[in-house]
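Protein chains in written order, with the numbering used here: chain A, 1 to 150; chain B, 151 to 523.
I have placed the structure first, in the form of structure tokens, so that the comments after it can refer back to it.
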């Protein structure tokens, strides 16, 4: 399973996807709407990326990037998918039915970044209280009481 | 977190029971909302965040030397290993070569931490099932490890001993002697543990066939550590992606295939023996030399993202750093093992009896600050 093979495989399905090989893992960059079809492809044969070991989000001030770290337990190979999410209307489809671990991780991202996951079975705040206002891991989050500016 | 009014019973003859947030068996502040039909568990819903400190946000304003100390406060029983992960992440980004001596010391410390952590888990797990004596036995030996740690690192729980480039200070002159004494003592004690609990028929009846997690589910829920290895998933980071000198030591990855509470218990018991094996190979061969590489006063990671993982006592800890080339990380994410392992609890407990829930939860080895971060 080489980078080239994955590139060709993904390009056939999603021609607009771009790739980045400079980092530690092979990275696929896509738009939010392309994520679910790609997730289905990656999870099924021949690559079987069956293990989602990290799911997080990065606030780039102009947009969000949802970062998915995937591994295949058969091939022992990891790849990263970065999906660009609109900051004004952060919405991306859930993958909690494909990888069950995503259910908790997506709730965490929703809680801390305010990214909504379409069709998520139980999208509520996970860590913070239900009545908490704002999304603390966003770069423009202000909390006069609990935050100390260095 | 959960702030709604709790339903006591609903129209389907189901009873809602709250365990926690303050409960002895949750080993911290975790709130479980359990839906019961009679004695049978229909659903377990964990509510977290009671000790959420937003360590990830805090780290965004801490430098690469400072943020390591915050990580000790996540999984406090694996403080050394958390520090190790952060140090490795910075070293990877800056391509710092760590001296051999430091690598040996780090691995010995990691394994001592793993033994200490597993001992605490063993005592607490037996206590969850109503056996009180093992807790004292476990703490008796664990005390020896914390004494060794105190002598070299100056602290017993949050050591903050590993820094980018190596370890903070050289080991105490008595370190090797004390560790060897401990290993000799521990080898006889671990047999005692097996006699006391593992072979106990009551204990076996309460854990065998309980809390089953299939291999496919363990992968899907992103389980790591003893929870995944108890279901036959090979996931030991020390073997798969060796760091420091783990590729030079001989040890086995412990796998059990039953997937029940007893399998997870056995993985940890056998892992302690492997840790002893690793320490024995290293303790007499610590090379002479520097204990810390020369590093710049101000560390700056190049632009890009870096993911480092280590095997803590609970599973895979991933440190994901997004750097913009500044002195502080732009974004940092700790992929904590307990968080994913906890999400599988519902799957394990569903269909079982309420009385078995604590046995199942005991084998998850949850440390709440690690989940809440």
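Glycine residues also receive a C-beta, built at the ideal position from the N, C-alpha and C atoms.
Computed from a predicted structure; not experimentally measured.
- Here the C-alpha atom of residue 234 of chain B lies approximately 10 Å from the C-alpha atom of residue 222 of chain B.
- Counting every other CB atom within 10 Å of its CB across the protein chains shown gives residue 491 of chain B a total of 16 or more, marking it as buried.
- At a Cβ-Cβ threshold of 8 Å, residue 315 of chain B and residue 378 of chain B do not count as neighbours.
- Straight-line spacing of the CA atoms in residue 292 of chain B and residue 333 of chain B works out to 12 Å.
- Secondary structure note for residue 353 of chain B: its alpha helix (DSSP H) is the uninterrupted segment 351-357.
- Under the three-pair Cβ rule at 8 Å, the segment 191-210 of chain B counts as touching the segment 479-487 of chain B.
- Membership of residue 191 of chain B in the beta strand (DSSP E) is indicated by the continuous run 190-197.
- Each residue's CA atom was taken as its position, placing residue 16 of chain A and residue 60 of chain A some 21 Å apart.
- At a cut-off of 8 Å between beta-carbon atoms, residue 287 of chain B makes no contact with chain A.
- Membership of residue 12 of chain A in any beta strand (DSSP E) is not indicated; the residue belongs instead to the alpha helix (DSSP H) covering 3-13.
- Annotation for residue 420 of chain B: 404 place their beta carbon closer than 6 Å to its own, counting only its chain and skipping 5 residues before and after.
- Of the residues assessed, residue 294 of chain B falls on the buried side of the cut-off, its CB having 16 or more other CB atoms within 10 angstroms.
- Look at residue 253 of chain B here: in three-state DSSP terms it is helix.
- Here residue 431 of chain B is not bridged, per DSSP, to any residue.
- Per DSSP, residue 298 of chain B is one residue of the alpha helix (DSSP H) stretching across 283-303.
- Closer than 8 Å to the CB of residue 483 of chain B there is at least one CB belonging to chain A.
- Put simply, the backbone Cα of residue 128 of chain A is about 10 Å away from that of residue 134 of chain A.
- Annotation: residue 47 of chain A has no Cβ neighbours in chain B at a cutoff of 9 Å; minimum Cβ distance is about 14 Å.
- Contact between residue 80 of chain A and residue 25 of chain A is confirmed by a C-beta separation of about 5 Å, below the 8 Å threshold.
- For residue 114 of chain A, none of the residues of chain B pass the 9 Å Cβ criterion, the least Cβ distance being about 14 Å.
- Here residue 20 of chain A is bridged, per DSSP, to A:27.
- Residue 202 of chain B reaches chain A at 127, 128, counting residues in chain order whose Cβ is nearer than 8 Å.
- Non-local beta-carbon contacts of residue 210 of chain B in its own chain, meaning distances under 8 Å to residues more than five positions away in sequence, involve 478, 479, 480, 481, 482 in chain order.
- Residue environment analysis places residue 218 of chain B among the buried positions, since at least 16 neighbouring C-beta atoms fall within 10 angstroms of its C-beta.
- Going by beta carbons, residue 194 of chain B and residue 276 of chain B fall outside the 8 Å limit.
- Residue 35 of chain A has its alpha-carbon roughly 14 Å from the corresponding atom of residue 57 of chain A.
- With a 10 Å radius around the Cβ and a threshold of 16 neighbouring Cβ atoms, residue 505 of chain B comes out exposed.
- Closest option to residue 220 of chain B, judged by alpha-carbon separation, among B:469, B:167, B:430, B:192: B:469.
- Neighbours of residue 219 of chain B in chain A, taken as residues at a C-beta separation under 9 Å, are lacking, since the least C-beta distance is about 15 Å.
- Rounded to whole angstroms, the separation of the alpha carbons of residue 198 of chain B and residue 413 of chain B is 27 Å.
- Residue 188 of chain B and residue 341 of chain B have their C-alpha atoms some 40 Å from each other.
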